[in-house]
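Quick note on numbering: the sequence shown equals residues 72 to 356 in the numbering used here. C-beta atoms are modelled at their ideal positions from N, C-alpha and C, and glycine is treated no differently. For clarity, every value in this text was computed on a predicted model and none was experimentally measured. Working notes, structure below.
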Amino acid sequence: MSILKIAIQKSGRLYDESIQLLKDSGISIYNGNDQLKVTASNFPLEVYFLRNSDIPQYLLDGVVDVAIVGDNLLVEKGKNITVAEKLGFSKCKVSVAVPKVFKYKSLNDLDGLRIATSYPNTVIEYFNSKGMEVDIHQISGSVEIAPNIGLSDAIVDIVSSGSTLFKNGLKEVEVILKSEAVLAISPEITSEAKQILDKLQFRIQAVLRSRKSKYILMNVPNDKIALVSEILPVLKSPTIMPLSQEGWSSLHSVIEEDTFWEVIDQLKDAGAEGILVCPIEKMVL
72 MSILKIAIQK SGRLYDESIQ LLKDSGISIY NGNDQLKVTA SNFPLEVYFL
122 RNSDIPQYLL DGVVDVAIVG DNLLVEKGKN ITVAEKLGFS KCKVSVAVPK
172 VFKYKSLNDL DGLRIATSYP NTVIEYFNSK GMEVDIHQIS GSVEIAPNIG
222 LSDAIVDIVS SGSTLFKNGL KEVEVILKSE AVLAISPEIT SEAKQILDKL
272 QFRIQAVLRS RKSKYILMNV PNDKIALVSE ILPVLKSPTI MPLSQEGWSS
322 LHSVIEEDTF WEVIDQLKDA GAEGILVCPI EKMVL
């Protein structure tokens, strides 16, 4: 029987959100004993829990078929790996940071200086594209401390909230790239595994759509239905049901999370009343 092999980070925030995505996609996984490999009980899926930095090589070698990984890591180590789906979580930046006392004016101020990073390939390619050379000091962890101990003049590292930089007396001065979790595919994936991946991706897309949308119900005067419907373009057409009060109907549709409050204001101005908003568990189109 064919099975799809997927790698995820074995600990940390990316692990938690990856496991939640699989569970929301109806995949039952039990990893109570911290195993490095488990098989889903209700879907042909085998999950490998790996070190984040090792995942691109496992994909390139065909040890796993797919992975949930930050696309910043693919830029660094997996240029030949295809991204099947952007997943919308674990968002961060790969940024240049310097000590707060550094009188930074432009990127040219770093030309020829020492930069500590866990992303040497990304850094070299970025500065080369700017016609600059820097002295790379590759560090596998605790990059933020490098300027304080005299190892480097600046760093390039992942930045989420910026609190770690602040604690270490650093400031962000340039963003090299923006990253988020993605579903990445091995170039060695078999046709049988690809068929299973298509089914998994269909489920994931339904989950992701539901996270970006809300179910909305409202009461609308019948002569305002056309106007209100134009404000709600997410689905083909809203569901409309007559109310017991003559001249009014209940209108049901979907609203996008990103534009939620702006659309609510438009709906009220268009005559909608009694607006209720509910979360959506899955959204299959």
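Residue burial classification, residue i (beta-carbon count within 10 angstroms, cutoff 16)
i: residue 116; result: buried
i: residue 149; result: buried
i: residue 316; result: exposed
i: residue 199; result: exposed
i: residue 137; result: buried
i: residue 168; result: buried
i: residue 289; result: buried
i: residue 87; result: exposed
i: residue 188; result: buried
i: residue 260; result: buried
i: residue 255; result: buried
i: residue 176; result: exposed
i: residue 310; result: exposed
i: residue 218; result: buried
i: residue 228; result: buried
i: residue 190; result: buried
Straight-line Cα distance separating residue j from residue i
i: residue 135; j: residue 127; result: 10 Å
i: residue 173; j: residue 208; result: 19 Å
i: residue 112; j: residue 265; result: 20 Å
i: residue 354; j: residue 319; result: 28 Å
i: residue 183; j: residue 257; result: 37 Å
i: residue 211; j: residue 124; result: 10 Å
i: residue 273; j: residue 241; result: 43 Å
i: residue 93; j: residue 321; result: 35 Å
i: residue 193; j: residue 251; result: 16 Å
i: residue 89; j: residue 139; result: 7 Å
i: residue 129; j: residue 230; result: 25 Å
i: residue 216; j: residue 180; result: 20 Å
Residue i - partner residues in DSSP beta bridges
i: residue 319; result: 292
i: residue 327; result: 284
i: residue 206; result: 185
i: residue 75; result: 116
i: residue 242; result: 169
i: residue 348; result: 287
i: residue 313; result: 320
i: residue 153; result: 256
i: residue 337; result: Partner(s): none; residue 337 has no beta bridge.
i: residue 272; result: BP columns for residue 272 are empty, so no partner.
i: residue 80; result: 121
First and last residue of the uninterrupted alpha helix (DSSP H) at residue i
i: residue 200; result: 191-200
i: residue 140; result: Note, residue 140: premise wrong, no alpha helix (DSSP H); beta strand (DSSP E) at 137-141.
i: residue 94; result: 84-95
i: residue 220; result: No alpha helix (DSSP H) contains residue 220, which DSSP labels as neither H nor E.
i: residue 129; result: 126-132
Coarse secondary structure for residue i, derived from DSSP in three states
i: residue 260; result: coil
i: residue 249; result: strand
i: residue 66; result: Because residue 66 is not part of the residues shown, which for the chain are 72 to 356, the question remains open.
i: residue 164; result: strand
i: residue 100; result: coil
i: residue 108; result: strand
i: residue 178; result: helix
i: residue 307; result: coil
N-terminal and C-terminal residue of the beta strand (DSSP E) that residue i is part of
i: residue 119; result: 116-121
i: residue 228; result: 225-230
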